[in-house]
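Residue numbers (full-length UniProt numbering): 1 to 1170.
The beta carbon of each residue, even a glycine, is placed where N, CA and C say it ideally should be.
To keep things clear, I will list the structure first and then write my remarks on it.
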Amino acid sequence: MTEPIVRSDLFTAAKQLADSEIELIKVIESSSKCQRTVTNMFESVKKTRKPGKSKNVRPSAALLAAKREAAQRQLLSGKNNTFVRDVYQNAIDAYKIVRKETGLVFDQSMAEHECLWDSNYPECPARFTRVLQRCEELGLVQRCKLIEPRVATESEILTKHSQKQIDILKATDGCADSENLELLSSKYDAIFVHPSTYRLSLLAVGSTINLVESICKGEVQNGMAIIRPPGHHAMKSEYCGYCFFNNVALAAEKALSSNLANRILIVDWDVHHGQATQQMFYNDPRVVYFSIHRYEYGEFWPNLKESDFHYIGEDLGEGYNFNIPLNKTGMTNADYIAIFQQVLLPMAYEFQPDLIIVSAGYDAALGCPEGEMLVTSACYSHLLSSLLSLAAGKVAVVLEGGYCLKSLAEGAALTLRTLLGDPCPILQTLDLPSSSIRDTILNVIYAHRPYWKCYQYQETHSINSITHNKEELANRHVVMVTYKGSIFKPDKYETRNCYPTQSKEVLEVMEKKLNELILFTNLHKAPHKVCIVYDEKMQKHCNISDNTHPEKPARISSIYKNHEKHGLLERCYLLQGRSATIEELSLAHSEDYIDSIKKTSTSKPKELQKQASDYNSVYLHTETWSSACVSAGSLLQTVDAVLNGESQSGIAIVRPPGHHAEEDNACGFCIFNNVAIAAQYAVQFHHIKRVLIVDWDVHHGNGTQSIFEEDPKILYISVHRYDNGSFFPNSKAANYTSVGLNAGEGFNVNIPWNKKGMGDAEYIAAFQQIVMPIAYQFNPELILVSAGFDACVGDPLGGCLVSPELYGHLIHWLSSLANGHVILSLEGGYNINSISHAMTMCTKALLGDPLPMLDPSLIPCTSAINSINNVLKTHKKFWPNLQYGMSLPKEKLLPKLKKTLNKLNEQERIAEKPKQTESKIALEVIESEKLELNLAIDKNRLNLVTDEEILKLTNEVENIKIKNSELRLTKSAADETRRNSGLKKNEVKKSDVSQSIQKCVNEMNQSKDSQQGGSRTRENREDEGAASLQRETQSTTLLDYLSDNLQALTAGEMFAVVPLRDCPHLFTVNEVPSGGIDVTLPCAECASTAENWICLQCYTVHCARNVNQHAVQHAEECEHPITLSFSDISVWCYGCEAYIDNPRLYAARNAAHQSKFNTELPWTYNENAI
């Protein structure tokens, strides 16, 4: 856009704002001259004004002209301090953005990757082919824009993986020796290597990157990568869980480094925790990683502590890592939808990502033997749909797991269908969310509450406060971290029959259930996305005594013209308006009332004025009858078009409005209750069983509520300004306490605002916390929206600040229900510009156009939170899925996690060890405080170390003698026995695996010699292993050890724990008890003897953090910071978060040393040390 055009647009915006100001002044000024019935509706607005301001004060024409001139001068001067911010600019910009194509990337060669030694291996080629086959059956592939697959470059892989992992896999490329490929595979947890694996892993990464780049560059709207091998378990230095390179993490990194995205949300709904993706972004605030996975307190693979809810990120990324651990099987659609509504979407709208990547595993789907969950394929459409309103629609879905071929294929196909803009299938009635998922959700909210302002709907309590109120006690949530997993890692992993299977009977039952679900899932898609009805006859209804009345004919004509101006009419199915019949009007109104309105067509002006005075805020005209009939009939025309399958959704640009009209009374500019008539019409003539009415007009729809308050087939939800009963229509029935009567109890939901100024944040919160959870539980077949736009910014009556674009977001959320059968009927809204933009944004949302991104950090005000909580408390007995309002502890109860992610060199070193792989170490709180690495040697400083410092270090090392040789020899013998038994059990050594890799290399490089060639016999390797073992047992001093590892030390690859010599908490250390210290004592709380520490203040014994964390808890609760390890006689200070080595600790350390080794601890301090 050129500079003159920008200036012109801004000047036009400024002029429009000034014109709106004049219009508002005219409305207020003329309101005192209007008939009494009209002024009543304005009165509630006037009451809210602060006293002392004259309602008749208005700027002069000269002042307004001066404002315009000043605005023009400032705009043309090019200064940054613009005179006015155009509140419509986001909507105006959005008109130019229409939905693009959906991208799809795949490559048929990805079917080559298979397990050569186990034909039943679940990660099989059929996972790829069946997904493509189902997408083609539904006609989805030909509707997509195909993205060119490509091989990733080595430099791209190196952004998240080590060179060694590339080289190992590269060495297998084309290798035909299945025996050696299986031997290599046995080194890693749950993988198989095929001769094509390296090439296809690069292809999967490159294809994912191409898709993400195409989305970010605007070449496609969104897209899906149907690829394999999957990626989210692949770590920096280790293959894992069918994964070799992390497709999603690499694509995200590429988008960030190329400045294609600044904030990325990764949603991982695979049933296994994507621990590798978590590790790669754990300290990066640019990426929110959100994982929903089966956990069972660590007993489910990958059995990591880091998969639990309290691992939230570290350093700058603290608070940006979300784990939703599922602690039981059988989780349903309701559980997953609750996670999205309560945790994911509130955070996502606060974070406002500009790119979303979904790690889409379908192993939580019904029938998958690995997940054992009950999520239906159709549910994935709903989960994805809720994300499409974010990031301007830039969403990439990348295939991960899923091992029931039928549910995998159906789930993936319905996901692609949703990306293409097709409506979400109606779900079966939701089960109640489980108590387990309630506890998990509350735990996650508790852990993340300090970092995100969106989690404000739970009260707090002190765990030390005592109450005898049973209800209050029952409402207190107990936050607890429980880990039941195992950290054992074998030398060799199983490569055959190492996966869950299902019996023939179970397979038959699952097949039958899935076939039934597929058969009864309605995938009908209407030929038109949106139909629009508009009839000029409705303009004839007007106020002849006051042409400035806010409910004027220009309301609908301006909306229609705005649709026409921006090319929306040609994209919609245009309907012809019609008049409602007497029979149809009688669906919501009494015969006498209908007759009284019909008589107005022949009444004289004075008779009209008298009749209008009997109503509250209504004017009448001789064309009122005909206009009101066309208004109601046109909406019915839209209902017919939608329910007869001609159009998926509808827009009714109608007036007069209707939601205030009661059965026998006109009210608030409304004559006939259009939406109430339409709801009854759908039930009686189209046999709809459940209709949801959402009323977001700023005024309470008293007429609609009164008509349906005893009807359980109609759920009425109203979000409105209430002001404690002082806002029109000034009825206590508009409060949250009105829930319906008799059979309709619970089917009337009022969300009352008690102050003006509510905006996007408040409406988002109301929908996320109340409207959408109840709507999903109700499961409507049709949604009617009483679409008043008088809560929109600039409205003269509403006094609220909702942006036009937010209405598009609200309508998008609703459109995921009822198979997309959503119909909007215009109600209020009295700023012509606001209602024109707002309703047009709704139409664009229904057409599938990307929605404008909202301002980040939208936080609802306290008053709104109070209103929402009142509604939740009132309605949770009617809607059990509103069960998350429990009280959370005020105290910080979660264990403090040690920072481990920055120790990349340490991770790589640990990854080389045969018994401790990266998947069990990275991100873990190391299993003993004595192993915690507090100070890494800086490589850059090694060159600065002086000769004197090296000599000093050497002398200190030489003075440290290892005296307990008998114990050491006993330990060495035990280790040798354990190693030998392990070799017999697993029949593999590290050298065997190395040889298998080298053998594959030799096959492709026959001309190259290798020192570790495959010609070496098993006997040679066993001899080498024995020699290695002998060298280990001969290492008797720390000096020997450091000498053997001098290269690693100087290269900075080895780290040292450097204890503090001084500590401000040393004064807390008390004298050793007269009886000494017994290192065999169990934990005072749980009686564990696995690994214990003794408090050096009160000398009580407590277990380590890797057992039950009682030592940590004791230090926090009693403020006793210094503790001694029974394992290695080291001393740790919780206050300093460091190891301590001070002469004052010698007495305690010596007492423990004597108890453990029956000998005194050597004195290693200066003779002058005290």
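Item, Value
"So, are the CB atoms of Val220 and Gly371 less than 7 Å apart?", "no"
"Using only CA atoms, which one of Leu517, Gly274, Gln279 lies nearest to Leu366?", "Leu517"
"With 16 as the cutoff for other CB atoms within 10 Å, does His524 come out buried or exposed?", "exposed"
"If you pair each beta-carbon of the region 757-775 with each one of the region 871-890, do three or more pairs fall below 8 Å?", "yes"
"On the criterion of 16 or more Cβ atoms from any shown chain inside 10 Å, does Gln883 qualify as buried, or is it exposed?", "buried"
"Nearest to Asn694 by alpha carbon, out of Gly421, His233, Trp813, Glu156?", "According to the sequence as given, residue 694 is Val; it is not Asn. For Val694, the nearest C-alpha among the options comes from Trp813."
"To which residues of the same chain is Leu405 closer than 8 Å at the C-beta, ignoring the five residues directly before and after it?", "Ala126, Arg127, Arg130"
"Between the beta-carbon of Gly401 and the beta-carbon of Pro230, is there less than 7 Å?", "yes"
"When we look at the beta-carbon of His687 and count the other beta-carbons within 10 Å, is it buried (16 or more) or exposed?", "exposed"
"Hey, Pro423 and Gly139: beta-carbon distance below 7 Å or not?", "no"
"Any contact of the region 705-723 with the region 667-680, i.e. 3+ C-beta pairs under 8 Å?", "yes"
"According to the Cβ coordinates, are Ala255 and Ala249 closer than 7 Å?", "no"
"Please classify Ser836: is it buried, with 16 or more other beta-carbons within 10 angstroms of its beta-carbon, or exposed?", "buried"
"Taking buried to mean at least 16 other C-beta atoms within 10 Å of its own C-beta, is Phe245 buried or exposed?", "buried"
"Identify the continuous alpha helix (DSSP H) that holds Asp167 and give its terminal residues.", "163-170"
"Are Lys1156 and Val1079 close, meaning C-beta to C-beta below 7 Å?", "yes"
"Classify Asn831 as helix, strand or coil using the three-state DSSP reduction.", "coil"
"Is Tyr722 helix, strand or coil by DSSP?", "coil"
"What does Ile1122 pair with, by DSSP beta-bridge criteria?", "Cys1133"
"Considering only residues of the same chain and omitting the five flanking positions on each side of Ile823, which have a CB-CB separation below 8 Å?", "Leu635, Thr638, Val639, Val642, Ser649, Gly650, Ile651, Ala652, Ala678, Leu782, Ile783, Leu784, Val785"
"Looking only at its own chain, which residues have a Cβ that is under 6 Å from the Cβ of Phe281, when we skip the five neighbours before and after it?", "Val287, Tyr289"
"Using DSSP with H/G/I as helix, E/B as strand and the rest coil, what is Arg134?", "helix"
"Expressed to the nearest angstrom, what Euclidean distance is found between the alpha-carbon atoms of Ser373 and Leu326?", "It should be pointed out that residue 373 corresponds to Met in this sequence rather than to Ser. Their Cα atoms are separated by approximately 10 Å."
"Just list the beta strand (DSSP E) runs in the region 372-446, keeping only unbroken ones of 3 residues or longer that don't cross its boundaries, in chain order.", "395-399"
"Let me know if Asp592 comes out buried or exposed under the rule of 16 or more other beta-carbons within 10 Å of its beta-carbon.", "exposed"
"Can you tell me the Cα-Cα spacing of Gly645 and Tyr380, whole angstroms?", "24 Å"
"Indicate whether Leu265 and Ala378 have their beta-carbon atoms separated by less than 7 Å.", "no"
"Consult DSSP for His1110 and reduce its assignment to one of helix, strand or coil.", "helix"
"What are the boundary residues of the alpha helix (DSSP H) that includes Lys565?", "554-565"
"Using the C-alpha atoms, what's the distance from Leu390 back to Ile673?", "The residue you asked about is not Ile; residue 673 is Asn in the sequence shown. If I take the Cα positions, the gap works out to 34 Å."
"Keeping to the same chain, check which residues put their C-beta closer than 8 Å to that of Leu420; ignore five residues upstream and five downstream.", "Thr102, Leu140, Arg143, Cys144"
"Among the candidates Glu410, Arg1061, Ser1127, Lys877, whose CA atom is the shortest distance from the CA of Tyr1165?", "Arg1061"
"What residue does the beta strand (DSSP E) around Thr102 start on, and which one ends it?", "102-105"
"Tell me whether the beta-carbon of Ala152 lies closer than 7 Å to the beta-carbon of Leu211.", "no"
"By the 10 Å Cβ neighbour count, where 16 or more other Cβ atoms means buried, how is Ser462 classified, buried or exposed?", "exposed"
"Going by other Cβ atoms of all chains shown within 10 Å of its Cβ, with 16 needed for buried, is residue 1173 buried or exposed?", "The displayed coordinates of the chain run from 1 to 1170. Any statement about residue 1173 would go beyond what the structure contains."
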